[in-house]
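Everything below concerns the one structure shown next.
Okay, here's the thing in structure tokens:
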């Protein structure tokens, strides 16, 4: 998850945040990421959804999962993840809306791929 960052800057970041697509117990406990204060969303939250919705059964790695959920509920965890929303998400919004990523001129995956080269 952060290997490319580590290679690009020739060192480890002190703090990192990521969306739920990067969540797994293996990712957040990887030996290569020791020493980095990770904040990874554990599940997608819909707009207006209560943050205290109970989870029915915890998956494998549930101790790590619960620890990350607890970390993200702290004021510090909320602040770090809030910065991710301010820095990263506008870029994706611009690509999708401003650059027309939601609309393609061609049909078919192969044609669409050629349109974005």
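In the numbering used here, the protein residues as written are 2 to 118. Where a beta carbon is used, it is the ideal one built from N, C-alpha and C, also for glycine.
Closest by C-alpha distance to residue i, when choosing among the options
| i | options | result |
| --- | --- | --- |
| residue 84 | 26, 20 and 11 | 20 |
| residue 36 | 28, 13, 23 and 26 | 13 |
| residue 42 | 11, 98 and 86 | 86 |
Rounded separation between residue i and residue j - CA only
| i | j | result |
| --- | --- | --- |
| residue 33 | residue 74 | 25 Å |
| residue 110 | residue 76 | 43 Å |
| residue 31 | residue 89 | 23 Å |
| residue 80 | residue 17 | 12 Å |
| residue 91 | residue 5 | 21 Å |
Same chain, Cβ closer than 6 Å to residue i, neighbours up to 5 away in sequence not counted
| i | result |
| --- | --- |
| residue 72 | 78 |
First through last residue of the beta strand (DSSP E) which encompasses residue i
| i | result |
| --- | --- |
| residue 39 | 38–41 |
| residue 27 | Run containing residue 27: none in the beta strand (DSSP E); it sits in the alpha helix (DSSP H), 26–29. |
| residue 115 | No beta strand (DSSP E) holds residue 115; the alpha helix (DSSP H) holding it covers 110–116. |
| residue 18 | 16–19 |
CB contact flag (residue i, residue j, <8 Å)
| i | j | result |
| --- | --- | --- |
| residue 116 | residue 107 | yes |
Neighbourhood of residue i by C-beta, 7 Å cutoff - its chain only, sequence neighbours within 5 removed
| i | result |
| --- | --- |
| residue 24 | 41, 42 and 43 |
Host alpha helix (DSSP H) of residue i (start-end)
| i | result |
| --- | --- |
| residue 4 | 4–10 |
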